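Asks: Numbering that gives the first Met the number 0 numbers the first residue of the sequence shown as 0 and each following residue consecutively.
Backbone N, C-alpha and C fix where the C-beta goes; we use that ideal spot for every residue, glycine too.
Source: prediction; values computed, not measured.
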Amino acid sequence: MPLITVESGKLTKEQKAELIKKITETASEIMNIPDDFFFVSIKELSDENIGIGGKTIDKIKNEYR
0 MPLITVESGK LTKEQKAELI KKITETASEI MNIPDDFFFV SIKELSDENI
50 GIGGKTIDKI KNEYR
């Protein structure tokens with residue numbers, strides 16, 4: 000049973016559902032394994048717990064606003 004883990008910032012319920020659906024469909028097609036065999040896990044991280052280029056995501060988002 001393949002396990003796919005996605006780590007990201009905050010997502011809506013709709014985004015999570017679409018992400019799980021499309022990741023499963025794509026992996027199933029590429030790996031030639033039925034959809035029912037895939038386990039997808041989403042780990043949400045708060046913006047202050049993710050950094051890029053020495054800045055937290057919340058600070059980067061504020062700079063773009």
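If the criterion is Cβ atoms closer than 9 angstroms, does the pair residue 8 and residue 51 meet it?
Replies: In this structure, residue 51 does not lie closer than 9 angstroms to residue 8 by Cβ.
Asks: Would you check if the distance between the CB atom of residue 41 and the CB atom of residue 6 is smaller than 9 angstroms?
Replies: Closer than 9 angstroms, so yes.
Asks: Which of helix, strand or coil does DSSP assign to residue 11?
Replies: Of the three classes helix, strand and coil, the one that applies to residue 11 here is coil, per DSSP.
Asks: Does the beta-carbon of residue 4 have 16 or more other beta-carbons within 10 angstroms, so that it is buried, or is it exposed?
Replies: Under this definition residue 4 is an exposed residue.
Asks: Could you give the residue range of the alpha helix (DSSP H) that holds residue 62?
Replies: Residue 62 -> alpha helix (DSSP H) spans 56-63.
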